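A.B. asks: So for the sequence shown, the numbering used here puts the first residue at 13; every next one is plus one.
Ideal placement from N, C-alpha and C gives every residue a C-beta, glycine not left out.
Quick caveat: nothing in here was measured; it's all calculated off a predicted structure.
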Amino acid sequence: MRHIDLDYVSKAIVGIASPALGLITSFQEQVEWHLRVASLLVGLAVGAMSLVAMVRKWRGR
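1) Find the nearest neighbour of I25 within the set G55, W45, W70 and E44, judged by alpha-carbon distance.
2) Threshold first: 4 residues or longer. Then list the alpha helix (DSSP H) segments lying entirely within the region 29–58, N to C.
3) Give every residue of the same chain whose Cβ lies closer than 7 Å to the Cβ of M61, excluding the five residues on either side of it in the sequence, and list them in chain order.
4) Where does G27 fall in DSSP's three states?
5) Going by beta carbon distance, what residues of the same chain come within less than 8 Å of L47, once the five residues before and after it are set aside?
This is the structure we're talking about:
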């Protein structure tokens, strides 16, 4: 049985949740456009950083 790496799982959850929350926020008409853009950029940045960390771990760095 393989050990579940909690760091990997937490990065995956954050990487999925951040863009999803940004997308939900972007559809709310009450939120100003700069907040929508900022939330999407933060979500994309977190997702990209999580992807890089997962690839590095997968390669054995």
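C.D. replies: In brief:
1) One-based indexing of the sequence shown puts residue 25 at position 13. The residue with the shortest Cα to Cα distance from I25 is G55.
2) none
3) Numbered from 1 along the sequence shown, position 49 holds the residue referred to as residue 61. If we look at M61 and ignore the five residues flanking it on each side, it has no Cβ neighbours.
4) For the purposes of this step, residue 27 is taken as residue 15 along the sequence shown, with counting starting at 1. It is helical.
5) Start at 1 with the first residue of the sequence shown, and residue 47 comes out as number 35. If we look at L47 and ignore the five residues flanking it on each side, its Cβ neighbours are T37.
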